[in-house]
Amino acid sequence: MSNVLMNAIVFLFSAAIGAIMCAQLSRATRAPSELLPARSPSGVGIGTVRAVDGLITVDVECMSGQRFVGRLRQHADDASLGELQPGVLLLVTFDPWEREQLSLADDMAAVRAAFDQMLVCKGLVSPAQVELFRNGTKARGVVTAMSPTGAAREDYREIEIDLMVRRPAGGQFPAHETALIPESALAKVAPGSVVDAYYRSGDESSVAISVPPG
């Protein structure tokens, strides 16, 4: 996955949170018959509106790199979609078995789970790292040493990194981890840099670091 796509995902993921709050308020005022049945999304991607003519046709790029054309379940007359026009980017979810039927990403818990699973499948993070990101204690770590291993995956480079992690409640502890970092962000893990680090309280044997693309 390119850095451009990753940056778009991060931006849309953040923007979707605000949009969801408005959408949920709007839906609360509708009659039950107007609400579409909820579906549990298992796919997520970036959609580019192709056409708005009753139905909204969208070009979708999955996070795996696959592309296809789908249509939003919501109708173009929906007040919450009034500003859509060709070229607009959307964060969408879909059922891999019925990809032509798209939904706006309004269930952020499900989208986050799908996004996490995508990262794991692509080998960019491990299930243990995802667990720390979602449920661990967030702290700050000062990089004391960093060395590339020479391994790479897509736009990411594998590094070995030494940290001094500062506990939120006080004190610090050393950590040594291997991680995949966006190539554009390697300067952010140079010795002396400060990064976000996650660990489980009571277990400082494993740390996951988070470094956004540069």
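Using my numbering, the first residue of the sequence shown is number 2, and each one after it goes up by one. Built from N, CA and C at the ideal position, the CB exists for glycine as well.
- By the neighbour-count criterion, in which 16 or more other beta carbons inside 10 Å mark a residue as buried, valine 195 falls on the exposed side.
- Rounded to whole angstroms, the Cβ separation of glutamate 205 and threonine 179 is 17 Å, and the two are not in contact under 8 Å.
- Among the bridge pairs identified by DSSP, glutamate 99 is matched with Asp96.
- A Cβ-Cβ distance of about 6 Å is found for the pair valine 59 and leucine 103, placing them in contact under the 8 Å criterion.
- Between alanine 198 and arginine 168, the gap from beta carbon to beta carbon reaches 8 Å or more.
- Take the alpha-carbon of leucine 105 and the one of leucine 56: they are about 14 Å apart.
- Contact between valine 50 and proline 87 holds: CB atoms are separated by about 5 Å, below the 8 Å threshold.
- By the C-beta density criterion, valine 70 is exposed, having fewer than 16 other C-beta atoms within 10 angstroms.
- Proline 213 carries a coil assignment under DSSP once its states are collapsed to helix, strand and coil.
- Taking 8 Å as the cut-off, the Cβ atoms of threonine 145 and glutamate 159 do not count as close.
- For alanine 170, the closest C-alpha among the options Gly46, Ser202, Asp156, Ala114 is that of Ser202.
- Take the alpha-carbon of serine 185 and the one of phenylalanine 174: they are about 28 Å apart.
- In its chain, beyond the 5 residues on either side, Gly46 have a beta carbon closer than 6 Å to the beta carbon of cysteine 63.
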